[in-house]
Amino acid sequence: MFDLRQFAALAPDWYLRLQYHHELDSTNDEARRLAEAGAEHGTVVLSDHQTAGRGRRGASWVCEPGDGLLFSMVIRPSFPKTNWSRIALAAGIGIAETLNAKWGVRAQVKWPNDIYIQDKKCAGILTEAREDFVIVGIGVNVMSAPPSENARIEAIAVADVVQSPVSREMVLAALLTGIMTEVDACAGHFEAQLERLRKICYLTGKGIKFSAHEKEFSGLVRGVGFDGALQVEVDGEVMSFSQASEINVL
Ligand code: BTN
Numbered sequence: 021m022f023d024l025r026q027f028a029a030l031a032p033d034w035y036l037r038l039q040y041h042h043e044l045d046s047t048n049d050e051a052r053r054l055a056e057a058g059a060e061h062g063t064v065v066l067s068d069h070q071t072a073g074r075g076r077r078g079a080s081w082v083c084e085p086g087d088g089l090l091f092s093m094v095i096r097p098s099f100p101k102t103n104w105s106r107i108a109l110a111a112g113i114g115i116a117e118t119l120n121a122k123w124g125v126r127a128q129v130k131w132p133n134d135i136y137i138q139d140k141k142c143a144g145i146l147t148e149a150r151e152d153f154v155i156v157g158i159g160v161n162v163m164s165a166p167p168s169e170n171a172r173i174e175a176i177a178v179a180d181v182v183q184s185p186v187s188r189e190m191v192l193a194a195l196l197t198g199i200m201t202e203v204d205a206c207a208g209h210f211e212a213q214l215e216r217l218r219k220i221c222y223l224t225g226k227g228i229k230f231s232a233h234e235k236e237f238s239g240l241v242r243g244v245g246f247d248g249a250l251q252v253e254v255d256g257e258v259m260s261f262s263q264a265s266e267i268n269v270l
């Protein structure tokens, strides 16, 4: 069970904004319900267990109670909807950079929404937008990782690569501040954040296969463009993708 006392001592301000449940359908759904009822920017929903946890593209997100963190944040952006796609990238930067700064784990962002450590998935982000808010849902493997989602995607936990004692309470306290700082900052000088994203971009220089606009593509990743889109060299031409299916590294 999540130790609320330990968390309150580590992050008193976040403790006041945290809604903790032993079990929920999905923290994203509960955060959406709270947001619809007026919950403020920065409200956090955390659950030990989800009966209907969602991943992207209709996948489920499975985590044994106590193994990881399942949480969602209510974001009420102060900037136009046309730029809301920045939020998921900003959250990824916040997660990877916080894990690196605190625990030296060399986390990278697998564009657009996954966090990788040692070529394995450690965390995933699911953002869901409504008229006037965005729910940022995050699953992080902290104490131990679930068995591989499939043959291509292996999972890893923070504790697998950190020598010092680590707890879910410590990781949540650090991540909430890291994520919120980046999400708030993406209203402004996004290019500066992209510059940092480029330094921890897992896919740069890798050959990939994916589908976009209902077509199959394979190519070499050149990096992340000024707008946060993935730049891929396909048949000698550099193309920009702002969305893609699951990206398979070749
Ligand atoms: C992915 O990698 O596909 C994204 C996974 C996001 C999972 C988290 S767990 C907490 C929150 N609630 C959900 O139902 N999903 C997100």
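What the sequence shown shows, in our numbering, is residues 21 to 270, in sequence order. Yeah, the Cβ is synthetic: ideal placement off N, Cα and C, and Gly gets one too. No experiment lies behind these values; they were computed from the predicted model shown.
Near ligand 1: residue i beta-carbon under 6 angstroms from a heavy atom
i	result
T47	yes
S231	no
G112	no
G78	no
R106	no
A164	In the sequence under discussion, the amino acid at residue 164 is Ser, which differs from the Ala named in the question. Not under cutoff, so the answer is no.
G159	yes
W131	no
G75	yes
L146	yes
S168	no
Residue i classed as buried or exposed, judged by whether at least 16 other C-beta atoms fall within 10 angstroms
i	result
N268	exposed
Q138	exposed
V254	exposed
M200	buried
P97	buried
Close-in-space but distant-in-sequence residues of the same chain around residue i (CB under 6 angstroms, 5 per side omitted)
i	result
D23	E189
R37	G62, T63, V64
Close Cβ partners of residue i (< 8 angstroms) along its chain, the five nearest in sequence each way excluded
i	result
A249	S260, F261, S262
Cβ neighbours of residue i in the same chain (closer than 7 angstroms, five flanking residues each side left out)
i	result
N133	R76, A108, G112, G144, I145
Open item on the list: Would the region 207 to 222 count as touching the region 172 to 192 if we require 3 or more Cβ pairs under 8 angstroms?
Closed with: no
Open item on the list: Contact between the region 148 to 158 and the region 81 to 99 is defined here as three or more beta-carbon pairs at a separation below 8 angstroms; is this criterion met?
Closed with: yes
Task: Cβ pair count under 8 angstroms reaching 3, the region 181 to 198 against the region 232 to 242 - done: no
Task: Inter-stretch contact at 8 angstroms, needing at least 3 Cβ pairs: the region 48 to 57 / the region 111 to 127 - done: no
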